[in-house]
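Engineer:
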């Protein structure tokens, strides 16, 4: 097993250090705490660190001052620094951070997945650097030994020289690969920051607009639509990243059924149509009149064609043409998405399916994207037993992406066909609902929404208050955040389930954690349902309606 990598985390708040330790819990890391600049300097004197994660706002010595001292010392000058701050947002402060030697600058609350990804990159670079240094020492030792034996073993000079040449070539090739990995990492991090900040800007503007404008009017509706679209966009970006991770770990299971392909394509077109309409694209759809059935997961199949259609729209100039064509060939179906857009150079046709591949440089392109959509598409197609390939005659001459899927061998019985579930009817208000969340904005907005639906709502801000409110308020539904002070959501759920018998509430976990093991942990704690933030309002309404029906 490789030696653990030392990472120094500096923050004057022990709770923040605990959060960082939880995020970076990895057997390959040795996390060293420091609660002040003096402690951090002492640690840097005694140990070698791959990375320094540094809070900006600290008493006595700020993060910027500590970083300046670190960069002035020869031993520590090359240690990468990631600044964390909840206070500095202006370009001046960001520039000051980079001026003191920071390699990145993140805002609290920290995005756990992004921080883990960045730390993993620097840890790997540190390991590779140690390996390269060790290899260089070995090479120098070999050269020294050759020179000591030169007088006695002159006949071995040629073979030794050849060995040195080969080893040097290997090291140079390894260094070249490391530089390429580092370049792609830097481009991806820059792209990720760009893409995740893009949706936030209009959301922030729209929120300020709502505050200034007040209620009512078409402008308020416009601002609400902007917020909804941008939050959906951010959800798509994060969802794509999570899907790639789940597929790589083999944790995605397809919910297979016999699905009419035309309905899958209709789902995809419905999603992408507003994007095409906004760009004035002319869409042509050509498909056979008969239903073609495929054995697959309707949602994942739709995701494949949403990615391809959205990609075609993204890289086609306004007023361009996009064609969706379906052709049956024997026991297979070919679905082609063609556009008149920017095209792809022939030598890049295969690399466009690689992770983080970008057809335009990260700093110059204006069309957006993380470079993971086509990689995710290929993985999903392969999971359905198919293949996808790209065709293009070069830059400016458009592109074609052809998906090949096996057709179902038999026609379905009436019960085999995938039937879309009708939307659940809203029963109406009248329920008693408890909202427990220490995030005041999140709790107030959710409580306000439920109140507008006609329900009686009580709001509390910690786990102990939630348990007490259940005993006093007797809610029909309890919406409990997991990360609450005093008592977390899991423990609050257990205490509620242990209350004297009576009309037990439906308990719903509301959390930012949505991995399978998180859902299983909620179930074991006693929750009836698990919803991931930002909460899907339609899903919440269905749960509320289900509870209302059970009372009638």
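Residue numbers (full-length UniProt numbering): 1 to 552. Don't be surprised by glycine CBs; every beta carbon is placed ideally from N, CA and C.
(1) If you compare alpha carbons, which of 154, 506, 278 and 407 is closest to residue 294?
(2) Roughly how many angstroms separate the alpha carbons of residue 544 and residue 504, rounded to a whole number?
(3) Assuming the contact rule is C-beta atoms closer than 8 Å, residue 447 and residue 490 should be a hit. Round their C-beta distance to whole Å, please.
(4) Using the C-alpha atoms, what's the distance from residue 343 back to residue 522?
(5) Compare the C-alpha of residue 69 against each of 40, 478 and 146 and name the closest.
(6) Using 8 Å as the threshold, is the stretch 377-396 in touch with the stretch 303-313, meaning 3 or more CB pairs across them?
(7) From residue 483 to residue 279, what does the alpha carbon distance come to, in whole angstroms?
(8) Threshold first: 3 residues or longer. Then list the beta strand (DSSP E) segments lying entirely within the UniProt domain "Response regulatory" (6-123), N to C.
(9) Verify whether the separation of the beta carbon atoms of residue 443 and residue 451 is less than 7 Å.
(10) Under 7 Å between the Cβ atoms of residue 510 and residue 481?
(11) How many Å lie between residue 353 and residue 301 at the Cα?
(12) Taking the straight line between their C-alpha atoms, what separation do you get for residue 536 and residue 530?
(13) Please report how far the alpha carbon of residue 22 lies from the alpha carbon of residue 119, in whole angstroms.
(14) Please determine if the stretch 45-58 and the stretch 142-154 are in contact, where contact requires at least 3 C-beta pairs separated by less than 8 Å.
(15) Using the Cβ count rule (16 or more neighbours within 10 Å means buried), how would you classify residue 272?
(16) Can you say whether residue 162 is buried or exposed, counting buried as having 16 or more other CB atoms within 10 angstroms of its CB?
(17) Give the list of continuous beta strand (DSSP E) stretches no shorter than 3 residues that lie fully inside the UniProt domain "Response regulatory" (432-548).
(18) Let's test the definition: count the other Cβ atoms within 10 Å of the Cβ of residue 157 and tell me whether it reaches 16, buried, or not, exposed.
(19) When DSSP labels each residue in this structure, what does residue 334 get in the three-state scheme?
(20) Suppose the cutoff is 7 Å on Cβ atoms and the five residues either side in sequence are ignored; what does the same chain contact list for residue 396 look like?
(21) Answer with buried or exposed for residue 316, where buried requires no fewer than 16 other C-beta atoms within 10 angstroms of its C-beta.
(22) Counting C-beta neighbours from all protein chains within 10 Å, is the total for residue 333 16 or more, i.e. buried, or is it exposed?
(23) Tell me the DSSP bridge mates of residue 406?
(24) Going by CA-CA distance only, name the one from 56, 66 and 62 that's closest to residue 85.
(25) From the DSSP output, in three-state form, read off residue 556 for me.
(26) Answer yes or no: does any C-beta atom of chain B fall closer than 7 Å to that of residue 313?
(27) Hey, would you say residue 261 sits closer than 7 Å to residue 283, going by beta carbons?
(28) Between the C-alpha atoms of residue 179 and residue 136, what's the straight-line distance to the nearest angstrom?
(29) Please classify residue 375 as buried or exposed, where buried requires at least 16 neighbouring CB atoms within 10 angstroms.
(30) Could you tell me the boundaries of the beta strand (DSSP E) in which residue 268 lies?
(31) Along the beta strand (DSSP E) that carries residue 388, what are the first and last residues, could you check?
(32) Below 8 Å on the Cβ atoms is my guess for residue 33 versus residue 6; work out the distance and round it to an integer in Å.
(33) Using 6 Å as the cut-off, classify the Cβ of residue 254 as near or not near the heavy atoms of the ligand ATP, replying yes or no.
(34) With the cut-off set at 7 Å, would you say residue 259 and residue 319 are in Cβ contact?
(35) Could you compute how far the alpha carbon of residue 467 sits from the alpha carbon of residue 299?
(36) Who are the Cβ neighbours of residue 79 in its own chain at under 6 Å, not counting the five residues just before and after it?
Structural biologist: With the given structure in hand:
(1) 407
(2) 15 Å
(3) Contact flag wrong, Cβ pair sits at about 22 Å.
(4) 47 Å
(5) 40
(6) yes
(7) 42 Å
(8) 29-34, 51-55, 81-85 and 104-107
(9) no
(10) yes
(11) 17 Å
(12) 11 Å
(13) 13 Å
(14) no
(15) buried
(16) exposed
(17) 432-436, 456-460, 477-481, 506-511 and 529-532
(18) exposed
(19) strand
(20) 342 and 343
(21) buried
(22) buried
(23) 332
(24) 56
(25) Outside the shown range of the chain (1 to 552) lies residue 556, about which nothing can therefore be said.
(26) This model lacks chain B altogether; it includes just one protein chain.
(27) no
(28) 17 Å
(29) buried
(30) Premise fails: residue 268 lies in the alpha helix (DSSP H), 261-279, not in any beta strand (DSSP E).
(31) 387-391
(32) Their Cβ separation, rounded to whole angstroms, is 12 Å, which puts residue 33 and residue 6 out of contact at 8 Å.
(33) Looking for the ligand ATP in the displayed structure turns up nothing, as the structure carries no ligands at all.
(34) no
(35) 38 Å
(36) 49 and 52
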